[in-house]
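*Asks:* Quick one: the structure is below, and I'll ask about it shortly.
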């Protein structure tokens, strides 16, 4: 663990963010994109293998000595929230989830379905903002249990209950919801056609569905550029091409209104999350176990960004309307 590289990462990203705010969004994105990937590589490997000749051997850097202490198991969910915000396990925060639901025209009379609740931060924000009830579902049981406890603690145990489910086999209540949404779920669902039909069946007439996920930009599903990501992801990524998604949604009974590339938004949100983390928390004061957990988390996100930069993956947002009933 090279702690000085962690601090350098935060300083560099913070500088880039401030410069980007002054120079314009497009310039900022390009700077953040390069900095995020290269600095995380330096952090993880101790050098950037893209710019050092193969025959060259980098000089070893001194390793910061960390006092041996009796360590509790690292709370990975707490660590993730330090990066992405309280109640959040993915980048983007409250602002991004609001962009996903704004097309729904949410009002308190509506019933909503969250298919990737995580710890419930996104849906609790939506519920409080619109005074709406949300059925929140999460595929990882331990995360669902923790998230439901957070809803209860926030006084939202009834308005945003979180339960565990299996998206491969779920049977949703028919015609129960006005709208459904999810983040980074469908790419790891094997039976996507069944899943979309089930979502369609759960929606009321003219129900709406919005989700964001990884899509296959080029190559095939077995592309070796996805090997590293397959080793690290909890749920095996099986991304489809955009056309496969739209064709399947149409076959399930949806009218796909929007399929837009959100890759740049994703990269920016990842950069912002890591920048605030390394600038807020002193990694040198963390236990060895926590440092290892931070490094493992960084490797996962670095690998996701690497897959995007290799050209094999993109991030897309979809918005579709049920054709059950009249569609304007």
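In the working numbering, the protein residues as written are 5 to 332.
C-beta atoms are modelled at their ideal positions from N, C-alpha and C, and glycine is treated no differently.
Bridge partners of residue 265, per DSSP?
*Replies:* 320
*Asks:* Can you name the start and end residues of the beta strand (DSSP E) that residue 118 belongs to?
*Replies:* 115-118
*Asks:* Taking all protein chains shown into account, decide if residue 277 is buried (16 or more other Cβ within 10 angstroms of its Cβ) or exposed.
*Replies:* buried
*Asks:* Tell me the residue span of the alpha helix (DSSP H) that contains residue 97.
*Replies:* 97-105
*Asks:* So, under 8 angstroms CB-CB, residue 186 and residue 118 are touching, yes? Tell me the CB distance rounded to an integer number of Å.
*Replies:* Contact flag correct, Cβ pair sits at about 7 angstroms.
*Asks:* From the DSSP output, read off the bridge partner residues of residue 186.
*Replies:* Under the DSSP definition of a beta bridge, residue 186 partners with 215.
*Asks:* Take the Cβ of residue 109 as the centre, count every other Cβ of all protein chains shown within 10 Å, and call the residue buried at 16 or more, exposed below.
*Replies:* exposed
*Asks:* Using a Cβ distance threshold of 8 angstroms, determine whether the segment 158-176 contacts the segment 194-211, with at least three qualifying pairs required.
*Replies:* yes
*Asks:* What do you reckon, are the CB atoms on residue 301 and residue 83 nearer than 9 angstroms?
*Replies:* yes
*Asks:* Closer than 9 angstroms, CB to CB, is residue 246 near chain B or not?
*Replies:* The chain labelled as chain B is not found in the depicted structure, where only one protein chain is given.
*Asks:* Could you tell me the boundaries of the beta strand (DSSP E) in which residue 121 lies?
*Replies:* Premise fails: residue 121 is in no beta strand (DSSP E) and is neither H nor E.
*Asks:* Looking only at its chain, what residues have a beta carbon closer than 7 angstroms to the beta carbon of residue 245, apart from the 5 residues adjacent to it on each side?
*Replies:* Answer for residue 245: 219, 220, listed in chain order.
*Asks:* Taking 8 angstroms as the cut-off, does the CB of residue 261 come closer than this to any heavy atom belonging to the ligand HEM?
*Replies:* Only the bare structure without any ligand can be found here, which leaves the ligand HEM out of the picture.
*Asks:* Taking DSSP as the reference, what is the three-state secondary structure of residue 224?
*Replies:* coil
*Asks:* Helix, strand or coil: which one does DSSP assign to residue 155?
*Replies:* helix
*Asks:* Starting from the Cα of residue 86, find the closest Cα among 282, 321, 293, 292 and give me that residue.
*Replies:* 282
*Asks:* Identify, in the order they occur along the chain, each residue of the same chain with its Cβ nearer than 6 angstroms to the Cβ of residue 217, setting aside the five sequence neighbours on each side.
*Replies:* 188, 190, 191
*Asks:* Roughly how far, in whole angstroms, is the beta-carbon of residue 129 from the beta-carbon of residue 101, given that I think they are within contact range, below 8 angstroms?
*Replies:* 7 angstroms
*Asks:* Is residue 214 closer than 9 angstroms to residue 346 when the C-beta atoms are compared?
*Replies:* The first residue shown for the chain is 5 and the last is 332, placing residue 346 beyond what the model contains.
*Asks:* Checking 9 angstroms against the spacing of the C-beta atoms, do residue 227 and residue 316 come in under that value?
*Replies:* yes
*Asks:* If you check the beta carbons only, do residue 122 and residue 147 fall under 9 angstroms apart?
*Replies:* For the 9 angstroms CB-CB criterion, residue 122 and residue 147 form a contact.
*Asks:* Can you tell me whether residue 222 is buried or exposed? The criterion is at least 16 other CB atoms within 10 Å of its CB, across all chains shown.
*Replies:* exposed
*Asks:* Mind checking which residues open and close the alpha helix (DSSP H) that includes residue 249?
*Replies:* 246-256
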